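A.B. asks: Handing you a structure now.
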Amino acid sequence: MKGRFVAAMVAGVVAGFLVGGLFPQAGLKVKVVGELFLNALKMVVLPLIVVSIANAVLNMETLERFRSIGLRALVYYTTTTALAVATGLAVVILLKPGEGVKLAAGAVEVKKAGFSLESLVTSLVPPNLFEALVNFNVLGVIVATMLFSLAAISVEWERELLLKQVLEELDTVLMRLTGWIVRLAPVGIFALIAYKVAAMGGAQAVVPVLKSLGKYTATVLLGLAVHGFITLPLIYFVVTRENPYKLLLRVKEALITAFATASSSATLPVTIERAVEAGVKREVAEFTLPLGATVNMDGTALYEAVAAIFLAQSYGIELSLPQYLAVFLTATLAAIGAAGIPEAGLVTMVLVLKSIGVPLEGIGIILAIDWFLDRCRTAVNVLGDIIGAAIISRSVWGK
């Protein structure tokens, strides 16, 4: 049954590209189906984050275990994001995809970077929890839930026990609802991809873009492949001494959903469900995966580094070692502000380009292919979250 479901998801991806590319008018008409599926996933995201994190923290039972898991997650997220940016810089410097590319310096509308260190810090403690939920302030919701859960650990045992029972029941209900939604994934994935390809103009519009930006696209995909299929699995193997590719096969539904939705947050219900099925301790999965979907953006960080250097090469800008270092640091930090939403990498990329003096108008060039690369880097983001959860689960519980 599970094998047939995966085959149906893959068929949905293929059919989406074919229908959107060859029959764009039909692809445009299935927009509502894709939106319904995406909305259904988003509907359970924030309730799932609140209940999952609260349930996970209470099941840790002690502040010492909370600190242990939190510290491991922080070290893992920082390390893998830095490695992702380093990989991106390496491939773009070696392949030089921007050489010979002549940019048309037309005026394009550039999104403002709604991200700063000050705004990030202040968003961690929302003045109104309900407002944070409505505005999808995921970081604020996570921090508020953690504080509430840590306070619950300190109350008398009887009250804590009752609260745990309530949260466990809510968790069960939410996972059942998630299961119902996931059953619709093949149809939803087909509709999302078919509409996106059709909205780009179908095959007649997409194929020329792929050709003109082929080297850039190949460079990004190579970097993502190296990080997703070599670096992350190697880290997993070194820590656990287990075959990482078996884990990848067990969570393939989450990766396909990430590719289709282009959103780590929207994929979260599927990610948690598949990670637990793959052997990740539920307490770890429900704590680290919502956090990782918000702040652990390996694919986004890598993409921003490659895009910035590609545009610099295209404009003929010679970068110095300090400027490469600026890209490394800015891409690593800006990825945290991406918040798991579609195409947020384009917003935070403004910060990276400004750090090395590349004209912001260059973003208009890569917009034409970003819809596709966004899906690829989101899949790598989710893969990084899952591998991190598996490593932490193994190191804390031994399984």
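Residues in the sequence shown are numbered from 1 upward in steps of one, following the working numbering. Heads up, the beta-carbon is just placed ideally off N, CA and C, and yes, glycines get one too. It should be emphasised that the depicted structure is a prediction, and the values quoted were computed from it without experimental measurement.
On a CA-only basis, which of Leu319, Ile391 and Phe328 is nearest Gly357? Give me that one, please.
C.D. replies: Leu319
A.B. asks: Using CA atoms only, rank isn't needed, just tell me which of Leu167, Val396, Phe37 and Leu247 is closest to Lys281.
C.D. replies: Of Leu167, Val396, Phe37 and Leu247, the residue nearest in Cα terms is Val396.
A.B. asks: Of the residues Leu124, Gln25, Asp171 and Thr78, which one's Cα is nearest the Cα of Leu58?
C.D. replies: Asp171
A.B. asks: With a threshold of 16 other CB atoms inside 10 Å of the CB of Ala260, please say whether the residue is buried or exposed.
C.D. replies: Ala260 sits buried, since 16 or more C-beta atoms from the chains shown fall within 10 Å of its C-beta.
A.B. asks: Whole-angstrom Cβ separation of Tyr315 and Pro269, contact assumed at under 8 Å?
C.D. replies: About 42 Å; that fails the 8 Å criterion.
A.B. asks: Hey, out of Leu41, Val173, Asp370 and Gly140, whose CA is closest to Thr294's CA?
C.D. replies: Gly140
A.B. asks: Where does Gly202 sit, in a helix, a strand or coil, going by DSSP?
C.D. replies: coil
A.B. asks: In this structure, does DSSP put Arg176 in helix, strand or coil?
C.D. replies: helix
A.B. asks: Quick check on Val108: buried or exposed, where buried means 16 or more other Cβ atoms within 10 Å of its Cβ?
C.D. replies: The pLDDT assigned to Val108 is 40, lower than 50, so where the model puts this residue is not dependable; a value taken from the coordinates is nonetheless given after this. Exposed, by the Cβ-count rule.
A.B. asks: Thinking C-alpha only, which one of Lys42, Arg394 and Ala305 is nearest Val238?
C.D. replies: Arg394
A.B. asks: Can you tell me whether Ser314 is helix, strand or coil according to DSSP?
C.D. replies: helix
A.B. asks: Can you confirm whether the segment 249-256 touches the segment 271-278 when touching is taken to mean that 3 or more C-beta pairs between the two stretches lie within less than 8 Å?
C.D. replies: yes
A.B. asks: Can you grab the Cα-Cα spacing for the pair Leu147 / Ser52, in whole Å?
C.D. replies: 14 Å
A.B. asks: According to DSSP, is Ser326 part of a helix, a strand, or is it coil?
C.D. replies: Checking the displayed sequence, the identity of residue 326 turns out to be Ala instead of Ser. Ala326: helix per DSSP, three-state reduction.
A.B. asks: With a cut-off of 8 Å on the beta carbons, I'd call Leu63 and Leu150 a contact; round off their distance for me.
C.D. replies: A Cβ-Cβ separation of about 7 Å places Leu63 in contact with Leu150 under the 8 Å criterion.
A.B. asks: I believe Tyr216 touches Phe310 by the beta-carbon criterion, under 8 Å. Please report the beta-carbon distance rounded to the nearest angstrom.
C.D. replies: 5 Å
A.B. asks: Span of the alpha helix (DSSP H) holding Phe55?
C.D. replies: It is Asn, not Phe, that sits at residue 55 in the sequence shown. Here the alpha helix (DSSP H) through Asn55 covers Lys31 to Met60.
A.B. asks: In whole angstroms, what separates the C-alpha of Ile69 from that of Thr332?
C.D. replies: Thr332 has its alpha-carbon roughly 22 Å from the corresponding atom of Ile69.
A.B. asks: For Ile230, is the classification buried or exposed, using 16 other Cβ atoms within 10 angstroms of its Cβ as the cut-off for buried?
C.D. replies: exposed
A.B. asks: Classify Tyr245: buried if its beta carbon has 16 or more other beta carbons within 10 angstroms, exposed otherwise.
C.D. replies: exposed
A.B. asks: Identify whether Gly400 lies in helix, strand or coil by the three-state DSSP scheme.
C.D. replies: As shown, the chain starts at 1 and ends at 399. That puts residue 400 outside it, with no answer to give.
A.B. asks: If you measure from the beta carbon of Val141 to each beta carbon in chain C, is any gap under 7 Å?
C.D. replies: Absent here is chain C; the protein component of the structure consists of one chain.
A.B. asks: Could you give the C-beta distance for Tyr324 and Leu89, rounded to a whole number, given that I count them as a contact under 8 Å?
C.D. replies: 6 Å
A.B. asks: Quick check: the Cα distance between Leu38 and Gly188, rounded to an integer number of angstroms?
C.D. replies: 8 Å
A.B. asks: Pull up the CB-CB distance for Gly20 and Val197, whole angstroms please, since I reckon it's below 8 Å.
C.D. replies: Yes, they are in contact, since the Cβ atoms of Gly20 and Val197 sit about 3 Å apart, within 8 Å.
A.B. asks: Kindly indicate which three-state DSSP category Val108 falls into: helix, strand or coil?
C.D. replies: With a pLDDT of 40 at Val108, under the threshold of 50, the predicted position of this residue should be treated as unreliable, though the coordinate-derived value follows. Note: Val108 maps to coil in three-state DSSP.
A.B. asks: From this set, Met200, Leu373 and Leu234, which residue's C-alpha is nearest Gln25's C-alpha?
C.D. replies: Met200
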